[in-house]
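Colleague: Line by line, the protein sequences are chains A and B.
Using the working numbering, read the first sequence as starting at 1 and increasing by one per residue.
Using the working numbering, read the second sequence as starting at 227 and increasing by one per residue.
Number of protein chains: 2
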Amino acid sequence: MALDNPTTQAAVTTADKVFEQMLHAIVDGTIKSGSKISEPELAKNYQISRSTLREALNRLEKCHLIERKANVGSRVVECSIAGLLEIYVVREALEGMACRQAAINMTEDEIIEMKAMLKQHASAKALRDGIAYYQEEGDLDFHYKVILGSHNQQLINILCGQLYHLVRMYRCQFGMNSPRATKAFDEHSRIIEAIADRDGELAEMLMRRHIAASRKNIENKIAQQQ
Amino acid sequence: MALDNPTTQAAVTTADKVFEQMLHAIVDGTIKSGSKISEPELAKNYQISRSTLREALNRLEKCHLIERKANVGSRVVECSIAGLLEIYVVREALEGMACRQAAINMTEDEIIEMKAMLKQHASAKALRDGIAYYQEEGDLDFHYKVILGSHNQQLINILCGQLYHLVRMYRCQFGMNSPRATKAFDEHSRIIEAIADRDGELAEMLMRRHIAASRKNIENKIAQQQ
DNA sequence: AATCGATAAATTGTCGACATTTATTCAGTA
DNA sequence: TACTGAATAAATGTCGACAATTTATCGATT
């Protein structure tokens, strides 16, 4: 659970471990976004050889967290409003489709599990008057489960394997604890209903609106700050 | 133009060149899908060190053309009907959205260029009575241009950077020269119209239907073969 | 003083060797 | 004969050093 990502398997090699450490550091901003990466320096810091470090860098590049130029080096990806909005556009398309596929392909057991999860979120929400907790963990859990429920390996790879690290990075660095907790919860409920009804078209539409609402919420926030 | 991919930049390092060679070999089946990759053997074949080869393998992995297991090795991705259909689902979602964004973000010049391209395809089609040529190059050109027209770097990366190599691989190995040439051409025309009208909603819908039709065409072909 | 060019320093790319893990072989036993 | 398990072979992971390229430094010239 080092990555809070249901598709990640245990890190066995040292490059794996360094990858996870760097992933964490980049997501929470310890390694600043936009900064250049010095291979000799980092290799010394983590006490590994440059080969091993480069192996870790390659995995970070796969997640689109760093960018490499030949004979020049690597930089941590830059966090920008435009970049964040781009990701939301992709998520709207992909998670919308994932939701449609989930309505088609989810097993009854998976649906029961999702309903149970939502019930648990509801009680947690009632207890804590739902703010931070639900927003962070619960929201991710929900989206992960829907994506996995699509039973489409390509969708799962792209969303859980690469995009979601970027999403978490933006959430951390821009401090997104938006006041959409209650609204989001209701939207999640309706989405699960549509999936349980095996109504793929509605499920996709609701998921797209759910993500679009998130995006507009951010756009408003940005507009306010300016 | 080694990769027929508008987003690829010149290969400067030897790892780049080996990557391109292997990419070609995997796409056209010289390196068989599902086969195991022996690092020592390939390194000898290409006359490079294992480090350099591994660098090339990492890029292939980024394109989802090979899969690696820790301490076990790499295998070329397996071509299956299910896998092909999965890709079409992802393309329907992503290219649909790309088309919507293209309707919003394309410049007038880009639209003019697209119309010119289509006109050229039309004459080529008339001349050769449209079979192979349009299907292969023309279709890819069209889809590439729409994707680039979205002006969304994430969409461009995912579609042109990774998914399209897989698409080309399947086209090569399954021998897809489907008889949809004329129909596809008409669909392309209507999509460009929608983009020119800045009608994002229609553009997305038409692109989704266009790709879904391709998918159904394949499903039918498969069903016939059995 | 600013710009250009050459030299020097540092960084990335590549290599071959060693360490560690996995796969194979083959002898021994039930 | 079939199966287990230890020894062997092979493959992957990691390391440190060298080569090639880029960046920084510094002196010369306009």
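By construction, the Cβ of each residue, glycine as well, lies at the ideal position given by its N, Cα and C atoms.
Taking all protein chains shown into account, do 16 or more other C-beta atoms lie within 10 angstroms of the C-beta of residue 120(A), making it buried, or fewer, making it exposed?
Modeller: Here the question's residue 120(A) lines up with position 120 in the first sequence. Burial call: exposed.
Colleague: Can you find at least 3 beta carbon pairs, one from the stretch 207-226 of chain A and one from the stretch 367-374 of chain B, that sit closer than 8 Å?
Modeller: The stretch 207-226 of chain A vs the stretch 367-374 of chain B: no contact.
Colleague: Taking its Cβ as the centre, do 16 or more other Cβ atoms sit within 10 Å of residue 224(A), making it buried, or is it exposed?
Modeller: Mapped onto the first sequence, residue 224(A) falls at position 224. Exposed: under 16 other Cβ atoms inside 10 Å.
Colleague: In the DSSP assignment, find the alpha helix (DSSP H) that holds residue 75(A) and state where it starts and stops.
Modeller: One-based indexing of the first sequence puts residue 75(A) at position 75. Taken as a continuous stretch (DSSP letters only), residue 75(A) belongs to no alpha helix (DSSP H), being part of the beta strand (DSSP E) at 73-76.
Colleague: Run the CB neighbour count on residue 72(A), radius 10 Å, all protein chains shown included, and call it buried at 16 or more, exposed below.
Modeller: On the first sequence, residue 72(A) is found 72 positions in, with the first residue counted as 1. By the 10 Å Cβ count, residue 72(A) comes out exposed.
Colleague: For the candidate residues 74(A), 150(A), 80(A), whose alpha-carbon lies nearest to that of residue 230(A)?
Modeller: An answer regarding residue 230(A) cannot be provided, because it is not within the stretch 1 to 226 covered by chain A.
Colleague: Select from the stretch 200-226 of chain A all residues with a C-beta closer than 8 Å to any C-beta belonging to chain B, and list them in chain order.
Modeller: Correct list: empty, as no residue qualifies.
Colleague: Which two residues bound the contiguous alpha helix (DSSP H) that contains residue 68(A)?
Modeller: Looking up residue 68(A) in the first sequence gives position 68. Not the alpha helix (DSSP H): residue 68(A) falls in the beta strand (DSSP E), residues 66-69.
Colleague: Within this structure, are the beta carbons of residue 304(B) and residue 259(B) separated by less than 8 Å?
Modeller: Here residue 304(B) refers to the residue found at position 78 of the second sequence. Here residue 259(B) refers to the residue found at position 33 of the second sequence. Cβ atoms of residue 304(B) and residue 259(B): closer than 8 Å.
Colleague: Tell me the rounded alpha-carbon separation between residue 308(B) and residue 399(B).
Modeller: By 1-based counting over the second sequence, the position of residue 308(B) is 82. By 1-based counting over the second sequence, the position of residue 399(B) is 173. Between residue 308(B) and residue 399(B), the C-alpha separation is close to 15 Å.
Colleague: Look up residue 36(A) in the DSSP assignment and say whether it is helix, strand or coil.
Modeller: What you label residue 36(A) is simply residue 36 of the first sequence in a count that begins at 1. Correct three-state label for residue 36(A): strand.
Colleague: Quick check on the DSSP output: the alpha helix (DSSP H) that includes residue 377(B) runs from which residue to which?
Modeller: Position 151 of the second sequence, counted from the start, is the residue given in the question as residue 377(B). Residue 377(B) -> no alpha helix (DSSP H), and no H or E assigned at all.
Colleague: Looking only at its chain, what residues have a beta carbon closer than 6 Å to the beta carbon of residue 99(A), apart from the 5 residues adjacent to it on each side?
Modeller: Taking the first sequence and counting its residues from 1, the one referred to as residue 99(A) is at position 99. Excluding sequence neighbours, residue 99(A) sits near 146, 203, 204, 207.
Colleague: Counting only beta-carbon atoms, is residue 401(B) nearer than 8 Å to chain A?
Modeller: Counting from one through the second sequence, the residue named residue 401(B) turns up at place 175. Output row for residue 401(B): interface = no.
Colleague: Consider the Cβ of residue 278(B): report whether some Cβ of chain A lies at a distance smaller than 8 Å.
Modeller: On the second sequence, position 52 is the one that residue 278(B) refers to. So, not an interface residue.
Colleague: Who are the neighbours of residue 383(B) on chain A, taking C-beta pairs under 8 Å?
Modeller: On the second sequence, residue 383(B) is found 157 positions in, with the first residue counted as 1. Near residue 383(B) (Cβ distances below 8 Å), the residues of chain A are 64.
Colleague: Give me the Cα-Cα distance between residue 19(A) and residue 240(B), rounded to the nearest whole angstrom.
Modeller: In the first sequence, residue 19(A) corresponds to position 19, counting from 1. In the second sequence, residue 240(B) corresponds to position 14, counting from 1. C-alpha separation (whole angstroms): 25 Å.
Colleague: Might you give, ordered along the chain, the residues of its own chain that have their beta carbon closer than 6 Å to the beta carbon of residue 378(B), omitting 5 neighbours on each side?
Modeller: Residue 378(B) sits at position 152 when you count from the first residue of the second sequence. Excluding residues within five positions, the ones whose Cβ falls inside 6 Å are 327.
Colleague: Taking the alpha-carbon positions, what's the residue 218(A) to residue 171(A) distance?
Modeller: As a first step, residue 218(A) is located in the first sequence; it is residue number 218 there, counting from the start. As a first step, residue 171(A) is located in the first sequence; it is residue number 171 there, counting from the start. Their Cα atoms are separated by approximately 11 Å.
Colleague: Say whether chain A places a C-beta atom closer than 8 Å to the C-beta of residue 227(B).
Modeller: Numbered from 1 along the second sequence, position 1 holds the residue referred to as residue 227(B). Per-residue confidence for residue 227(B) stands at a pLDDT of 36, beneath the threshold of 50, marking its modelled position as unreliable; no derived number is given.
Colleague: Against chain A, does residue 395(B) count as a neighbour if the rule is that its beta carbon must be under 8 Å from one of theirs?
Modeller: Mapped onto the second sequence, residue 395(B) falls at position 169. Closer than 8 Å: no.
Colleague: Between which two residues does the alpha helix (DSSP H) containing residue 214(A) stretch?
Modeller: On the first sequence, residue 214(A) is found 214 positions in, with the first residue counted as 1. Its alpha helix (DSSP H) spans residues 200-225.
Colleague: Compare the C-alpha of residue 339(B) against each of 310(B), 374(B), 317(B) and name the closest.
Modeller: Within the second sequence, residue 339(B) is the residue found at index 113, counting from 1. Ranking 310(B), 374(B), 317(B) by Cα distance to residue 339(B) puts 374(B) first.
Colleague: Are residue 94(A) and residue 385(B) close, meaning C-beta to C-beta below 8 Å?
Modeller: As a working note, residue 94(A) is residue 94 in the first sequence. As a working note, residue 385(B) is residue 159 in the second sequence. Against a cut-off of 8 Å, the Cβ pair of residue 385(B) and residue 94(A) comes out as no contact.
Colleague: What did DSSP end up calling residue 180(A) once you bin it into helix, strand or coil?
Modeller: Reading the first sequence from its first residue, position 180 is the one you call residue 180(A). Looking at residue 180(A) - three-state DSSP - the assignment turns out to be coil, as it is neither helix nor strand.
Colleague: Apart from the five residues just before and just after residue 42(A), which ones in its own chain have a Cβ nearer than 6 Å to its Cβ?
Modeller: Counting from 1 along the first sequence, the entry for residue 42(A) is found at position 42. Here the set comprises 53.
Colleague: Does any residue of chain A have a CB that is nearer than 8 Å to the CB of residue 313(B)?
Modeller: Your numbering for residue 313(B) matches position 87 in the second sequence. Yes, contact with chain A.
Colleague: Taking the alpha-carbon positions, what's the residue 401(B) to residue 251(B) distance?
Modeller: For this step, residue 401(B) is matched to residue 175 along the second sequence. For this step, residue 251(B) is matched to residue 25 along the second sequence. Distance between the alpha carbons of residue 401(B) and residue 251(B): 16 Å.
Colleague: Can the beta-carbon of residue 254(B) be found less than 8 Å from the beta-carbon of residue 329(B)?
Modeller: For the purposes of this step, residue 254(B) is identified with residue 28 of the second sequence, where counting begins at 1. For the purposes of this step, residue 329(B) is identified with residue 103 of the second sequence, where counting begins at 1. No, these two residues do not count as a Cβ contact at 8 Å.
Colleague: At a CB-CB cut-off below 8 Å, which residues of chain B make contact with residue 70(A)?
Modeller: As a position in the first sequence, residue 70(A) is number 70, starting the count at 1. Correct list: 238, 239, 242.
Colleague: So which residues on chain B does residue 94(A) lean against when the C-beta distance must stay under 8 Å?
Modeller: Residue mapping note: residue 94(A) aligns to position 94 of the first sequence, counting from 1. Those within 8 Å of residue 94(A) in chain B are 316, 319, 320.
Colleague: Considering only the alpha carbon of each residue, which of 435(B), 323(B), 264(B), 289(B) lies closest to residue 231(B)?
Modeller: The sequence position of residue 231(B) within the second sequence is 5, counting from 1. It is 289(B).
Colleague: Within its chain, find whatever has a CB closer than 7 Å to the CB of residue 167(A); leave out the 5 residues flanking it on each side and keep chain order.
Modeller: Numbered from 1 along the first sequence, position 167 holds the residue referred to as residue 167(A). Same-chain partners within the cutoff: 87.
Colleague: From residue 287(B) to residue 262(B), what distance separates their C-alpha atoms?
Modeller: Position 61 of the second sequence, counted from the start, is the residue given in the question as residue 287(B). Position 36 of the second sequence, counted from the start, is the residue given in the question as residue 262(B). Taking the straight line from one Cα to the other gives about 14 Å.
Colleague: Of all Cβ atoms in chain A, is any one closer than 8 Å to the Cβ of residue 380(B)?
Modeller: To locate residue 380(B), count along the second sequence from 1; it is residue 154. It does: the Cβ of residue 380(B) has a partner Cβ on chain A nearer than 8 Å.
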